[in-house]
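Colleague:
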C-alpha cells in the first residue's frame with residue numbers, strides 16, 4: 001500500500017507554518033550568536049583575552065535552558081500551543097530589535113543581554129516545539145515530521161552560521177546584521193500566525209514560579225517515566241554531548257589537521273549538517289512510517305564506526321605553506337575518508353536522534369508531554385556543559401590531540417549506549433527485528449490499518465517459518481503478544497527477542513499441561529488489559545507450505561475473553577531459510593519478498609476454527 005512522502009507534510013497547513021516558524025527561529029539564534037562571536041573576535045575594541053568573552057557567550061545562551069525549561073514545560077500544557085508560539089515569536093521581534101540597537105551602537109553589554117534573552121526565547125520554545133507535533137500529526141506521520149524538523153533545524157543552524165560570516169564581512173556589518181535579525185524575527189512571527197489551533201491539554205494547571213523547585217520536579221518527572229522513555233531522554237542528551245564536542249572542535253580541527261582556511265571550516269560544518277538532514281529524512285523510509293526504536297542501535301553503531309574512522313584517518317592530509325581552501329581539500333584523495341566520516345557521523349546521528357524524539361512524544365501522556373520535553377532540554381543543557389568541561393580536561397590537562405578526543409568520544413559512545421540498551425532491551429529487540437526485515441526479507445504490508453489502534457484484539461495467522469513473529473511484530477505499530485510453541489520460544493538468541501517482546505510460550509496439553517494452562521491464563525490477562533494477542537492456530541510450522549487444520553484453542557480463548565478476531569496471512573515465506581522447505585537455502589531466497597495481509601475483523605460468534613482457516617487461506621492465496 002503506497003503512502004504519501006513525508007514531504008507532503010510541507011503542503012499542509014497543520015505542519016508547514018510550524019516548520020517555517022521553528023526553522024527561522026533556529027536560523028536567527030545562530031545568525032545572532034555567530035555574528036556576536038565574530039564581532040568580539042574581529043570588530044569590537046576590547047581589552048584582555050577575547051576567548052573569555054566567547055566562552056561567556058556560550059554560557060549566556062545555555063544558562064536559560066537550566067533556568068526556564070521547567071517553566072516552559074508548564075506553559076506548554078496550560079496554554080494553547082499556537083497562541084503560546086505566537087507570543088514567543090512576538091517577543092523575539094522585541095528581543096532582536098534590542099540586539100539590533102546593540103550592533104548598530106557597538107554596545108557589547110546590550111548584545112550580551114540580547115543573547116541571554118534569545119536563549120530564554122529558545123528555552124521557552126523547545127517544549128512547545130516538540131509537544132505540538134503529536135497534536136498536529138497522525139501517528140504514522142510522527143517519524144516523518146520529526147525527521148523534517150531535525151533536517152530544518154540543522155540546515156537552519158548551518159545557514160545562520162554561514163550567513164553570519166557573510167554579513168560580518170561587509171563594511172557596514174552592523175546595519176546588515178541588525179536588518180537581518182529583525183527581519184528574520186518578523187518573518188517568524190508572521191509564519192506563526194498561520195499555525196492552526198492546538199488546544200491546551202491542562203488549562204487548569206496552577207503555575208509554580210519557583211524555577212529551582214520546578215526544574216528538579218520536572219527532571220524527576222522526565223526520568224521517572226517508563227524505562228523506554230527515560231532512557232530515550234538520556235540517549236537524546238548523550239547525542240547532544242557528542243554533537244557539542246564535534247561541533248566545537250571543527251574550527252580548530254580544520255585549521256590544525258586539515259590545514260585549511262575558513263572555507264574548509266564551512267565545508268566540514270556543511271557536510272555534518274547535510275549528513276544529519278539526510279539521516280533524519282531517511283528515518284521515515286527505514287522505519288516503515290512508525291516509531292521504530294530499532295534504528296537507535298543502528299545509529300549508535302554508525303556514530304562509533306565513523307567516529308573511529310575520523311580518528312584513524314586524521315593526519316593523512318599533508319601540510320602546506322599556504323592554508324588549503326575547500327576546493328583544494330576536495331582535490332586531495334587523502335581527505336576523502338575524513339570527509340566521508342563526517343557525513344557518516346551526521347547520517348547515523350539522524351538515525352539515532354529522530355526515533356528517540358518520536359518515542360518520547362508517542363509514549364508520554366499528553367498531559368505531561370511538554371514537561372517531559374522540558375526535562376529533556378534541561379538534561380541536554382547539562383550534558384552540553386559537561387561536554388565542555390570534559391573537552392577542556394582532555395585537551396588541556398590530559399594533553400590529548402583533537403583526533404584522540406574523537407577516539408575517546410567514540411569509545412564512550414559504546415559504553416553509554418550499552419548501558420541504555422541493557423536497561424531497556426526493547427531497543428536491541430527492535431533492532432534485531434528491523435535488521436531481519438531489512439536484510440533477508442523485503443516485507444510489504446497490505447491492509448494492516450484494519451488492526452485497531454486501541455483495545456483488545458486476537459490475530460490469527462498461518463505459521464510458515466521460525467521468524468513469523470519477528471516479521472509480524474516489525475510490521476505492526478502496536479506491541480503484539482505472540483503465543484508460540486515453547487521450543488521455538490526457547491531458541492538461542494531469538495529467546496531474548498521473544499522474552500523482551502512479552503511472547504507467551506505454550507506446549508501441547510499432553511506434552512506439558514502446566515505450560516499449556518499457564519499460557520491460556522496469560523492470554524486472558526493480556527486481552528483483558530486491552531492488548532493485542534497473535535496466535536498461530538495450526539499449532540506448528542507447516543511442513544509443506546500449505547495451511548494445516550486450525551486447532552480448537554482459539555475457541556477457548558474467545559470463550560474466556562470475547563474480543564474481535566482479525567485474520568492475517570503471510571505470503572512468500574515458504575522456501576526461505578527459516579522455513580521447513582527441504583529445498584531451502586540461505587542464498588536461494590535471500591531478500592525474499594514477503595507480504596503480510598490483514599483481513600476484516602470477524603465477530604466473536606462467527607470465529608470458528610474452520611471459518612478462520614478459510615479466511616486466512618483466502619488472504620494468502622496461491623503464493624506460499
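Residue numbers (full-length UniProt numbering): 1 to 624. Yeah, the Cβ is synthetic: ideal placement off N, Cα and C, and Gly gets one too.
#1: Could you give the uninterrupted runs of the alpha helix (DSSP H) lying entirely in the stretch 330 to 407, keeping only those of 4 residues or more?
#2: Return the CA-CA distance between residue 471 and residue 440, expressed in angstroms with no decimal places.
#3: Tell me whether residue 96 sits in a helix, a strand or coil according to DSSP, three-state version.
#4: How would you write the range of the alpha helix (DSSP H) that residue 612 sits in, first residue to last?
#5: Here's a check: name, in chain order, each residue in its chain whose Cβ is nearer than 8 Å to the Cβ of residue 100, leaving out the five neighbours to either side.
#6: Between 115, 86 and 85, which lies nearest to residue 98 when the distance is taken from Cα to Cα?
#7: List the DSSP bridge partners of residue 445.
#8: Strictly by DSSP, which residues pair up with residue 567?
#9: With a 10 Å radius around its C-beta and 16 neighbouring C-beta atoms as the bar for buried, classify residue 226 as buried or exposed.
#10: Please look up how many angstroms separate the CB atoms of residue 233 and residue 427, rounded, as I've assumed it's under 8 Å.
#11: Spell out whether any CB of chain D is found under 9 Å from the CB atom of residue 206.
#12: Tell me which residue opens and which closes the beta strand (DSSP E) that residue 482 is part of.
#13: For a quick check, are the C-beta atoms of residue 597 and residue 446 less than 9 Å apart?
#14: So residue 481 and residue 565 are in contact, right, with Cβ under 8 Å, and what is the actual spacing, rounded?
#15: Could you check where the beta strand (DSSP E) with residue 296 kicks off and where it finishes?
#16: Please report the Cβ distance between residue 231 and residue 420, rounded to the nearest whole angstrom; I am assuming they are in contact, meaning their Cβ atoms lie under 8 Å.
#17: So, for residue 476: in the same chain, excluding its five sequence neighbours on each side, which residues have a beta-carbon less than 7 Å away from its beta-carbon?
#18: Heavy atom of the ligand FMN less than 8 Å from the Cβ of residue 435, yes or no?
#19: If you pair each beta-carbon of the stretch 27 to 47 with each one of the stretch 104 to 119, do three or more pairs fall below 8 Å?
#20: One question on the structure: do residue 620 and residue 547 come within less than 9 Å of each other, judged by their Cβ atoms?
#21: Name the one or two DSSP bridge partners that residue 324 has.
#22: Identify the continuous alpha helix (DSSP H) that holds residue 492 and give its terminal residues.
#23: When the Cβ atoms of the stretch 55 to 73 are set against those of the stretch 209 to 223, are three or more pairs found closer than 8 Å?
#24: Helix, strand or coil, according to DSSP, for residue 510 in the structure here?
#25: So what does DSSP say about residue 196, is it helix, strand or coil?
#26: Residues in the same chain with beta-carbon distance under 7 Å from residue 539, minus the five sequence neighbours each way, listed in chain order, please.
#27: Report buried or exposed for residue 313, applying the criterion of at least 16 other Cβ atoms within 10 angstroms of its Cβ.
#28: Tell me, which residues are paired with residue 505 by DSSP?
#29: Kindly provide the ranges of any beta strand (DSSP E) runs that are 3 or more residues long and lie completely inside the stretch 197 to 259, ordered along the chain.
#30: Applying the 10 Å Cβ sphere with the 16-neighbour rule, what's the burial state of residue 194?
#31: If you follow the beta strand (DSSP E) that residue 535 is in, where does it begin and where does it stop?
#32: For a test of the three-state rule: what should DSSP assign to residue 602, helix, strand or coil?
#33: On the three-state DSSP scale, how would you describe residue 576?
#34: How long is the line joining the alpha carbons of residue 363 and residue 306, rounded to whole angstroms?
#35: Taking residue 387 as the reference, give the member of 397, 238, 188 and 504 with the closest Cα.
#36: Helix, strand or coil: which one does DSSP assign to residue 465?
Modeller: To lay it out plainly:
#1: DSSP runs (the alpha helix (DSSP H)) wholly in the stretch 330 to 407: 333 to 362 and 369 to 392.
#2: One C-alpha to the other measures close to 11 Å.
#3: Correct three-state label for residue 96: helix.
#4: 609 to 620 is the extent of the alpha helix (DSSP H) around residue 612.
#5: Only 177, 178, 179, 181 and 182 meet the Cβ criterion.
#6: When only C-alpha atoms are compared, the closest one is 115.
#7: Answer is 596.
#8: DSSP output for residue 567 lists 460 as bridge partner(s).
#9: Flag for residue 226 reads exposed.
#10: Rounded to whole angstroms, the Cβ separation of residue 233 and residue 427 is 14 Å, and the two are not in contact under 8 Å.
#11: In the structure shown, chain D cannot be found, because there is only a single protein chain.
#12: Boundaries of the beta strand (DSSP E) around residue 482: 480 to 485.
#13: Taking C-beta atoms as the reference points, residue 597 and residue 446 count as a pair closer than 9 Å.
#14: Their Cβ separation, rounded to whole angstroms, is 15 Å, which puts residue 481 and residue 565 out of contact at 8 Å.
#15: Note, residue 296: premise wrong, no beta strand (DSSP E); alpha helix (DSSP H) at 295 to 313.
#16: 5 Å between Cβ atoms; contact.
#17: When the five nearest sequence neighbours on each side are left out, the beta carbons in the same chain lying within less than 7 Å of the beta carbon of residue 476 are those of 448 and 451, in order along the chain.
#18: Only the bare structure without any ligand can be found here, which leaves the ligand FMN out of the picture.
#19: Three or more beta-carbon pairs drawn from the stretch 27 to 47 and the stretch 104 to 119 are found closer than 8 Å, and the two stretches are therefore classed as touching.
#20: In this structure, the beta-carbon distance from residue 620 to residue 547 falls below 9 Å.
#21: Looking at the DSSP output, residue 324 bridges to 260.
#22: Note, residue 492: premise wrong, no alpha helix (DSSP H); not H, not E.
#23: The answer is yes - the stretch 209 to 223 touches the stretch 55 to 73, with three or more Cβ pairs under 8 Å.
#24: Three-state result, residue 510: coil.
#25: Under the three-state reduction of DSSP output, residue 196 falls in the coil class, being neither helix nor strand.
#26: For residue 539, same chain residues with a beta-carbon under 7 Å away, outside a window of 5 residues either side, are 551 in chain order.
#27: By the 10 Å Cβ count, residue 313 comes out buried.
#28: Paired residue(s): 484.
#29: Listed in chain order, there is nothing to give.
#30: When all chains shown are included, residue 194 counts as exposed.
#31: For residue 535, the enclosing beta strand (DSSP E) begins and ends at 532 to 535.
#32: When DSSP states are grouped into helix, strand and coil, residue 602 belongs to the strand group.
#33: When DSSP states are grouped into helix, strand and coil, residue 576 belongs to the coil group.
#34: Going from the Cα of residue 363 to the Cα of residue 306 covers about 31 Å.
#35: With distances taken between Cα atoms, residue 387 lies closest to 238.
#36: Per DSSP, reduced to three states, the secondary structure at residue 465 is strand.
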